[in-house]
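Student: Going by numbering that gives the first Met the number 0, the letters in the sequence shown line up with residues 0 to 626, in that order.
Every residue gets a Cβ at the ideal spot worked out from N, C-alpha and C, and that includes glycine.
Keep in mind that this is a model prediction, so the values were computed, not measured.
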Amino acid sequence: MKTSFIPWLAPVAFAGRRVFAMLAGALLLNLALGFSVAAQDLKTELVPNGHVPGYGKAPFNAPVSFTFTTRNLSASTSVFNVVRTLTLPGQLNNVTVAPQGSYNYNTGVVSLPVISLGPGQSAVTTVSFLLQRPDGVAASGNVSSATAVNDPPGNNASSASIVVRTAQNLGVTLSASGATSISNTNPYHCETVRLQCLFTNGGGLPAISVVPTLTLPPNLNIVSIQRIPNLPASYNPATGVMTLAPRDTLRGSDESSPSAPVGSYYDYVIVRFTVPPTDNTPLSIAASVSSSSPDLPSSSSGAIPDNASLTLQPTPPTADLRTAPTGPASAPAGQPVTYTHTTTNLGSNPALNVTPTLTLTPAPAAGTVTLPAGATYNATTGVVTFAPTTTLQATAGSNLVTNTISFPMPNAPVTVTSNVGSCLRTDNNTPNNSASITTQLPKPLPVELQDFAAQAQGSDALLNWTTASELHNERFEIERSFDARSFERVGAERGQGSSTRPTDYRFTDAGVGHQGHALVYYRLRQVDTDGTASWGPVRAVTFTRLTKGGAKLYPNPTPGRAALDLTELPAGTYQVRILDLMGRQLGAYVFEGARKQPLSVEQLPPGRYVVHVVGPDVNLTLSLARE
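#1: Taking DSSP's pairing of strands, which residues face Glu476 in a bridge?
#2: If I'm right that Thr341 touches Leu399 with Cβ under 8 Å, what's the distance once you round it to whole angstroms?
#3: Provide the residue span of the beta strand (DSSP E) that contains Met241, from first to last.
#4: Spatial neighbours of Val123 within its chain, please: C-beta separation below 6 Å, excluding the five flanking residues on both sides.
#5: Kindly indicate which residue of Leu213, Leu309 and Leu470 has the alpha-carbon position closest to the one of Ala175.
#6: Rank Leu565, Leu568, Pro205 and Thr543 by C-alpha distance to the C-alpha of Pro556 and give the top, closest one.
#7: In this structure, does DSSP put Gly366 in helix, strand or coil?
#8: Do you know offhand how far Thr502's Cα is from Thr466's?
#9: How would you label Trp464, buried or exposed, when you count the other beta carbons within 10 angstroms and need 16 or more for buried?
#10: Helix, strand or coil, according to DSSP, for Ala372 in the structure here?
#11: I'd like the list of long-range same chain contacts for Ala23, defined as Cβ closer than 6 Å, with 5 residues on each side in sequence excluded.
#12: What's the gap between the Cα of Leu621 and the Cα of Pro536?
#13: Alpha carbon to alpha carbon, how far is Pro335 from Ala372?
#14: Can you list, in chain order, the residues of its chain whose CB lies under 6 Å from that of Pro331, leaving out five sequence neighbours each side?
#15: What residue range is occupied by the uninterrupted beta strand (DSSP E) comprising Ala145?
#16: Assuming Arg164 is part of the beta strand (DSSP E), what are its boundary residues?
#17: How big is the Cα-Cα spacing for Tyr102 and Pro88?
#18: What does DSSP give as the partner residues of Asp294 in its beta bridges?
#19: Please report how far the alpha carbon of Arg500 lies from the alpha carbon of Asp319, in whole angstroms.
#20: What does a CB cutoff of less than 6 Å around Val575 pick up in its chain, not counting 5 residues either side in sequence?
#21: Looking only at its own chain, which residues have a Cβ that is under 7 Å from the Cβ of Tyr376, when we skip the five neighbours before and after it?
#22: Give me the Cβ distance between Thr325 and Thr339, rounded to the nearest whole Å; I'm assuming they're in contact under 8 Å.
#23: So what's Ser252 in DSSP terms, helix, strand or just coil?
#24: Hey, out of Asn220, Arg164, Arg488 and Phe65, whose CA is closest to Gly201's CA?
#25: Okay, do the stretch 201-220 and the stretch 267-275 touch, 3+ Cβ pairs below 8 Å being the bar?
#26: Would you say the stretch 106-120 touches the stretch 79-95, given that touching needs at least three Cβ pairs under 8 Å?
#27: Excluding the 5 residues preceding and the 5 following Val240 in the sequence, name in chain order all residues of the same chain whose CB lies nearer than 7 Å to its CB.
#28: Do Ala570 and Ala593 have their beta-carbon atoms positioned less than 7 Å apart in this structure?
#29: Of all the alpha helix (DSSP H) runs that stay within the bounds of the stretch 75-136, which reach a length of 4 or more residues?
#30: Report the rounded CA-to-CA distance for Arg479 versus Tyr521, giving the unit in angstroms.
#31: Please report the distance separating the alpha-carbon of Ala624 from that of Thr566.
#32: On a Cα-Cα basis, can you pick out the residue from Glu487, Cys189, Glu44 and Val78 that is closest to Thr314?
#33: What three-state label does DSSP hand Asn431 in the structure shown?
#34: Could you tell me the alpha carbon to alpha carbon distance between Ala460 and Pro327, rounded to whole angstroms?
#35: Straight-line CA distance for Asn80 to Leu249?
#36: According to DSSP, simplified to helix, strand and coil, what is Pro10?
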């Protein structure tokens, strides 16, 4: 149904009942004509403008305001005689009302002029003042009109408040730490530095549109960048500027809430970078933070600095890296050879980024070199590069690193050169950063020894050996030892000179078993016609039934514990050694004679052994079997 309205205005001179009667008459006239009255809708809005517009919190004594808006929501009807009321607490200071109005200091009432509002029109009034009430300021507004018809009452009134909070207080701190340097501000060259930059808001109000900045030296080797919360962060190597995405808000620490997201109250940036290897130029780092919202003045008590700087002075470490390879002096072709690369830091400071290498000449074929974990091999250059050591300390026990490789011995001598490098060495002792050894192929013997055997025959030792060929062979000298270390010549057999036919040899060491040694060792010394000599393998002969009186072993064989009976020997001190059949010492004791002594051999594996007793005018060898 179309709505129409016939306006009728009473003369200003009319008053009281006459005005009411005329208005009522106009209404009845409209009703009589069959028209309906258009609905009107007046609304108020009260918005606090504290720390930022629309926010109901602000620091004490800060300039704040309320925005009071009156709206005519009708799209077709004007409203006349609109009366607006706005009430604040009394005794506010520095109050201004714009564009028109006045504030009553005693009652807190804001007087506003009566207005008319056309369809969709609004009127805005701003009341500004200083927030000097510790409990905050509450305001209420209302609107009415004597001519309003069918105005819904639910949106005529509005209210708002501004509470007191501590001021926004942005701050930034910088710190750095190194893994090995003695001072966090004096990192070593090549050391990885952990830079921490923390942006905070120590106030009770949120910072709005926060812009954090961080500037580092250009051309740094950045290891990693981490930002909490997970916001964009990047480094420009040309300028050194860290680009940090701005924050919409950074809540104050006084606003703490258990349910607040991580990083709501702080912005934490962690940058890991390596110190340049040779440049001693100080590394200057700076950070700052700003926002569009007002911050606590720097002159105020408790204000946190919103900028920070840090200077790192690179320091050369004093390290002394030394290296040496170890390996066999000779090896036959095809036999596996093993080399160990040892690196030691004998300086006073750590060595950083230590990289050991071995150079093999000639280079073995690819796939033939057995490497430790993390090592690589270049078959073209023959270089083995071992896994680098980030920090090699100078402390004894922590200053050593070893690496081992192996490969089949080629058909030529091999030279192995060890090298070690680091990020920076200041020991000025570089010659010991490299060392070499050479493994030779065995020199061919002038005699090809095919077989060599030695055995006991009664109290004699019988030696037999066979040569497949001989070249300039003058003679064989037979050498004997009772301890597998000191050998003496006991005989000789003339050689064949040069021969390509097999030749058998035989030698008897008569009566050696009567000397009281259970184990006797023999070897051949081959002498060329030019006097050049070489030695063959060692063979052992065991005499089990021949012993000198005065010492006994029982039980023998023994399961693990035996008794050494020295009761027939004179009193005195006797040195007792246990040897294997190769003459290696496996145990040593000092016993008193003229008594029985316990002898524990539980640690020995089953087999045959020799017990050697030496004392004043006594040198006895006993045979022992361990079950």
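Tutor: Taking the geometry as given:
#1: On the sequence shown, position 477 is the one that residue 476 refers to. For Glu476, which the question treats as bridged, DSSP gives the partners Ala491 and Arg524.
#2: Residue mapping note: residue 341 aligns to position 342 of the sequence shown, counting from 1. Residue mapping note: residue 399 aligns to position 400 of the sequence shown, counting from 1. That pair is a contact at about 7 Å.
#3: Indexing the sequence shown from 1 puts residue 241 at position 242. Residues Val240 to Leu243.
#4: On the sequence shown, position 124 is the one that residue 123 refers to. Answer for Val123: Thr68, listed in chain order.
#5: Walking along the sequence shown from the start, residue 175 turns up at place 176. Comparing Cα positions, the closest option is Leu309.
#6: Here residue 556 corresponds to residue number 557 of the sequence shown, with the count starting at 1. The candidate whose alpha carbon is nearest that of Pro556 is Thr543.
#7: Along the sequence shown, read from residue 1 onward, the residue named residue 366 stands at position 367. Coil at Gly366, not helix or strand.
#8: The residue given as residue 502 occupies position 503 in the sequence shown. The residue given as residue 466 occupies position 467 in the sequence shown. Each residue's alpha carbon lies about 5 Å from the other.
#9: The residue labelled residue 464 in the question sits at position 465 within the sequence shown. Buried: at least 16 other Cβ atoms inside 10 Å.
#10: The count along the sequence shown starts at 1 and reaches residue 372 at position 373. Ala372 falls in the coil class under three-state DSSP.
#11: Numbered from 1 along the sequence shown, position 24 holds the residue referred to as residue 23. Caution is warranted here: a pLDDT of 44 is assigned to Ala23, below 50, making its placement in the model unreliable, and the coordinate value is therefore given only provisionally. None.
#12: One-based indexing of the sequence shown puts residue 621 at position 622. One-based indexing of the sequence shown puts residue 536 at position 537. When rounded, the distance between both Cα atoms is 24 Å.
#13: Numbered from 1 along the sequence shown, position 336 holds the residue referred to as residue 335. Numbered from 1 along the sequence shown, position 373 holds the residue referred to as residue 372. If I take the Cα positions, the gap works out to 19 Å.
#14: Working through the sequence shown from its first residue, we reach residue 331 at position 332. Setting aside the 5 residues that flank it on each side, Pro331 is surrounded in the same chain by Pro441, each with a C-beta closer than 6 Å to its C-beta; the list follows chain order.
#15: By 1-based counting over the sequence shown, the position of residue 145 is 146. First-last for Ala145: undefined, no H or E at that position.
#16: As a position in the sequence shown, residue 164 is number 165, starting the count at 1. Segment: none, Arg164 is in no beta strand (DSSP E) and carries neither H nor E.
#17: Along the sequence shown, read from residue 1 onward, the residue named residue 102 stands at position 103. Along the sequence shown, read from residue 1 onward, the residue named residue 88 stands at position 89. Their Cα atoms are separated by approximately 10 Å.
#18: Looking up residue 294 in the sequence shown gives position 295. Beta-bridge partners of Asp294 (DSSP): none assigned.
#19: Locating residue 500 in the sequence shown gives position 501, where the first residue counts as 1. Locating residue 319 in the sequence shown gives position 320, where the first residue counts as 1. Near 60 Å, if we compare the C-alpha coordinates of Asp319 and Arg500.
#20: Locating residue 575 in the sequence shown gives position 576, where the first residue counts as 1. Only Tyr588, Phe590 and Val612 meet the Cβ criterion.
#21: If you number the sequence shown from 1, residue 376 lands on position 377. Closer than 7 Å at Cβ, skipping near neighbours: Val368, Leu370 and Val383.
#22: The residue you call residue 325 lines up with position 326 of the sequence shown. The residue you call residue 339 lines up with position 340 of the sequence shown. Going by Cβ atoms, the distance from Thr325 to Thr339 rounds to 5 Å, so yes, they are a contact pair.
#23: Here residue 252 corresponds to residue number 253 of the sequence shown, with the count starting at 1. Three-state DSSP puts Ser252 in a helix.
#24: One-based indexing of the sequence shown puts residue 201 at position 202. When only C-alpha atoms are compared, the closest one is Arg164.
#25: Verdict: yes, contact present.
#26: yes
#27: For the purposes of this step, residue 240 is taken as the residue at position 241 of the sequence shown. If we look at Val240 and ignore the five residues flanking it on each side, its Cβ neighbours are Thr214.
#28: Translated into positions along the sequence shown, residue 593 becomes position 594. Translated into positions along the sequence shown, residue 570 becomes position 571. Yes, they are a contact pair.
#29: none
#30: In the sequence shown, counting from the first residue as 1, residue 479 sits at position 480. In the sequence shown, counting from the first residue as 1, residue 521 sits at position 522. Each residue's Cα considered, the two are about 5 Å apart.
#31: Looking up residue 624 in the sequence shown gives position 625. Looking up residue 566 in the sequence shown gives position 567. So the two alpha carbons sit approximately 22 Å from each other.
#32: If you number the sequence shown from 1, residue 314 lands on position 315. For the residues Glu487, Cys189, Glu44 and Val78, the minimum Cα distance to Thr314 belongs to Cys189.
#33: Here residue 431 refers to the residue found at position 432 when the sequence shown is read from its first residue. Here Asn431 sits in helix by DSSP.
#34: In the sequence shown, residue 460 corresponds to position 461, counting from 1. In the sequence shown, residue 327 corresponds to position 328, counting from 1. If you take the alpha carbons of Ala460 and Pro327, they lie about 34 Å apart.
#35: As a first step, residue 80 is located in the sequence shown; it is residue number 81 there, counting from the start. As a first step, residue 249 is located in the sequence shown; it is residue number 250 there, counting from the start. If you take the alpha carbons of Asn80 and Leu249, they lie about 46 Å apart.
#36: Against the sequence shown, residue 10 aligns to sequence position 11. No answer about Pro10 holds up, because its pLDDT of 36 lies below 50 and its placement is not dependable.
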